[in-house]
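In this text, residue positions in the sequence shown follow the working numbering: the first is 996, and each later residue adds one.
Positions of the beta carbon are idealized from the N, C-alpha and C atoms, including for glycine.
Let me begin by presenting the structure, written as structure tokens, before commenting on it.
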Amino acid sequence: MTAPANLEMQRPSPRAMDWRGRDVVSIRDFERKDIDAFLELAERFVPAATGQKHNTSLEGRILATLFYEPSTRTRLSFEAAMQRLGGGVIGFSDPSVTSNKKGETLADTVRIVDKLSDVIVLRHPKEGSARLAAEYAEHPVVNAGDGAGEHPTQTLLDLFTIQHEFRKIDGHTILLLGDLKFGRTVHSLVTALAHYSVKMILVSPPNLQLPEEVLHECRDRGATVEVTGDLEAALAQADVLYVTRIQQERFADPEEYRKVAGTYRITNALLKKGKRNLIVMHPLPRVDEIHPEVDASPHARYFQQAANGLPVRMAILASMLGGKA
Ligand code: NCD
């Protein structure tokens, strides 16, 4: 049973920072003290992430990136993180040029890659794929997105961004907007936010609501979660607006996607209805849910959020493989 929300911020214990040999498959494997410790550690990697400090603490170690689904930020930031720590990278971003094409199973690919590397980062269209990979690999496995399941490292960088902005996560209202059904970043984020004293407000098309089991899990742990269709009223209360893309690739019927595509569009006019210090986040890529005019507004944080992926992923790799800030 996880600690209820509303607990005072605990000081991370040094032990919590040592994730040596452990997988990052689900955010459910993290207690609040683990998340806080990762965020604190990530802060210490900022100088090395921006190239101001030289870090070779993972020299001689190899990261394997196995990406069976498209990615820009996640794969490149993991690869940059490993290289900023002095390590090497192998992998693929197009499974059609691998033995997958010849019918090789994920389990067999993982068994082989495990012998060639020290850590595996996997993105795969099937929910549960990272858990399966972790069973076959002796080295740690990181879930970089398993279908509509989870995306735990995105959550750590999302929380890092909120903490960086407001100095703490507790006490804030987070409005999550868009495809809450298939959006794996949302599933991991709300689960993690349930550890904090926050209010979550969920706004989505009726057929793209947060899965019941995820909602119940959050509420069972004492989280305040409001579900509403009134975006403007929700926006007026929010400190963070977390926008997501409608996950076209998860729709079995293209007609169903067409019905909901373009439902929401964040514009500067709409943001005027929000708080002055509201921040707009998005895991990216965006399609049309945030108008490009918002990029220059004082509310936009999505590019900084993406950049925060680097120190956060350096912290993850370092704590798994014994690197130092
Ligand atoms: C997200 C993903 O892949 O789940 N992207 C990311 O990793 N930043 C979000 C998305 O694809 O919409």
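>> Suppose you measure from the CA of Ala-1233 to the CA of Leu-1273; what does that come to, to the nearest Å?
In response: Position 238 of the sequence shown, counted from the start, is the residue given in the question as residue 1233. Position 278 of the sequence shown, counted from the start, is the residue given in the question as residue 1273. So the alpha carbons of these two residues sit roughly 7 Å apart.
>> Would the stretch 1210 to 1217 count as touching the stretch 1135 to 1153 if we require 3 or more Cβ pairs under 8 Å?
In response: no
>> Tell me the rounded alpha-carbon separation between Leu-1064 and Asp-1031.
In response: As a position in the sequence shown, residue 1064 is number 69, starting the count at 1. As a position in the sequence shown, residue 1031 is number 36, starting the count at 1. The amino acid at residue 1064 is misidentified as Leu; the sequence shows Glu. If I take the Cα positions, the gap works out to 30 Å.
> Are the CB atoms of Val-1275 and Tyr-1297 nearer to each other than 8 Å?
Replying inline: Working through the sequence shown from its first residue, we reach residue 1275 at position 280. Working through the sequence shown from its first residue, we reach residue 1297 at position 302. Contact flag set, yes.
> Rounded to whole angstroms, how far is the Cβ of Ala-1313 from the Cβ of Ser-1052, which I believe are closer than 8 Å?
Replying inline: Your numbering for residue 1313 matches position 318 in the sequence shown. Your numbering for residue 1052 matches position 57 in the sequence shown. About 6 Å; that satisfies the 8 Å criterion.
>> Is Gly-1140 near the ligand NCD - that is, is its Cβ less than 7 Å away from at least one heavy atom of it?
In response: On the sequence shown, position 145 is the one that residue 1140 refers to. For the ligand NCD, at least one heavy atom lies less than 7 Å from the Cβ of Gly-1140.
> Ordered along the chain, which non-local residues of its own chain (more than five positions away) have a Cβ less than 7 Å from that of Thr-1223?
Replying inline: Your numbering for residue 1223 matches position 228 in the sequence shown. Ile-1196, Val-1198, Ala-1229.
> With DSSP run on the structure shown, which of helix, strand or coil describes His-1211?
Replying inline: Residue mapping note: residue 1211 aligns to position 216 of the sequence shown, counting from 1. Correct three-state label for His-1211: helix.
>> Using a Cβ-Cβ cutoff of less than 7 Å, which residues in the same chain neighbour Lys-1319 once the five nearest sequence positions on both sides are dropped?
In response: Within the sequence shown, residue 1319 is the residue found at index 324, counting from 1. Taken in chain order, the residues that qualify are Ser-1052, Ala-1313.
>> Would you say the beta carbon of Thr-1150 is closer than 7 Å to some non-hydrogen atom of the ligand NCD?
In response: The residue given as residue 1150 occupies position 155 in the sequence shown. Not so, every heavy atom of the ligand NCD lies at least 7 Å from the Cβ.
>> Can you look up Lys-1194 in the DSSP assignment and give me helix, strand or coil?
In response: Here the question's residue 1194 lines up with position 199 in the sequence shown. Strand.
> Quick one: does the C-beta of Arg-1068 sit closer than 7 Å to a heavy atom of the ligand NCD?
Replying inline: The residue you call residue 1068 lines up with position 73 of the sequence shown. The answer is yes for Arg-1068.
> Who are the near neighbours of Leu-1127 in its chain, counting only those whose CB is closer than 7 Å to its CB and skipping five residues on each side?
Replying inline: Counted from its first residue, the sequence shown places residue 1127 at position 132. Same-chain partners within the cutoff: Leu-1101, Ala-1102.
> Would the beta-carbon of His-1146 be found less than 7 Å away from any heavy atom of the ligand NCD?
Replying inline: To locate residue 1146, count along the sequence shown from 1; it is residue 151. For the ligand NCD, at least one heavy atom lies less than 7 Å from the Cβ of His-1146.
>> On a Cα-Cα basis, can you pick out the residue from His-1159, Val-1181, Asn-1138, Leu-1188 that is closest to Thr-1168?
In response: If you number the sequence shown from 1, residue 1168 lands on position 173. Among His-1159, Val-1181, Asn-1138, Leu-1188, the Cα nearest to that of Thr-1168 belongs to Leu-1188.
> Going by the CB atoms, is the gap between Asn-1138 and Val-1020 shorter than 8 Å?
Replying inline: The sequence position of residue 1020 within the sequence shown is 25, counting from 1. The sequence position of residue 1138 within the sequence shown is 143, counting from 1. Yes; because the gap between Cβ atoms is below 8 Å, this pair is in contact.
> Which of helix, strand or coil does DSSP assign to His-1286?
Replying inline: Residue mapping note: residue 1286 aligns to position 291 of the sequence shown, counting from 1. Looking at His-1286 - three-state DSSP - the assignment turns out to be coil, as it is neither helix nor strand.
> Would you call the stretch 1106 to 1121 and the stretch 1040 to 1050 in contact, with 3 or more CB pairs under 8 Å?
Replying inline: no
>> Are the CB atoms of Leu-1279 and Ala-1310 within a distance shorter than 8 Å?
In response: The residue you call residue 1310 lines up with position 315 of the sequence shown. The residue you call residue 1279 lines up with position 284 of the sequence shown. It is not a contact, given that the beta carbons lie outside the stated cut-off.
>> Assuming the contact rule is C-beta atoms closer than 8 Å, Ile-1022 and Ser-1183 should be a hit. Round their C-beta distance to whole Å, please.
In response: Within the sequence shown, residue 1022 is the residue found at index 27, counting from 1. Within the sequence shown, residue 1183 is the residue found at index 188, counting from 1. That belief holds up - the Cβ atoms of Ile-1022 and Ser-1183 are roughly 4 Å apart, short of 8 Å.
> Among Leu-1170, His-1294, Leu-1265, which has the Cα closest to the Cα of Tyr-1237?
Replying inline: Along the sequence shown, read from residue 1 onward, the residue named residue 1237 stands at position 242. It is Leu-1170.
> Can you tell me the Cα-Cα spacing of Ile-1115 and Leu-1080, whole angstroms?
Replying inline: Along the sequence shown, one-based indexing puts residue 1115 at 120. Along the sequence shown, one-based indexing puts residue 1080 at 85. Distance between the alpha carbons of Ile-1115 and Leu-1080 is about 16 Å.
> How many angstroms separate the CA atom of Ala-1044 from the CA atom of Ser-1072?
Replying inline: Residue mapping note: residue 1044 aligns to position 49 of the sequence shown, counting from 1. Residue mapping note: residue 1072 aligns to position 77 of the sequence shown, counting from 1. Answer to the nearest angstrom: the Cα atoms are 10 Å apart.
>> I'd like the list of long-range same chain contacts for Trp-1014, defined as Cβ closer than 6 Å, with 5 residues on each side in sequence excluded.
In response: For the purposes of this step, residue 1014 is taken as the residue at position 19 of the sequence shown. So the qualifying residues of the chain are Ser-1314, Met-1315.
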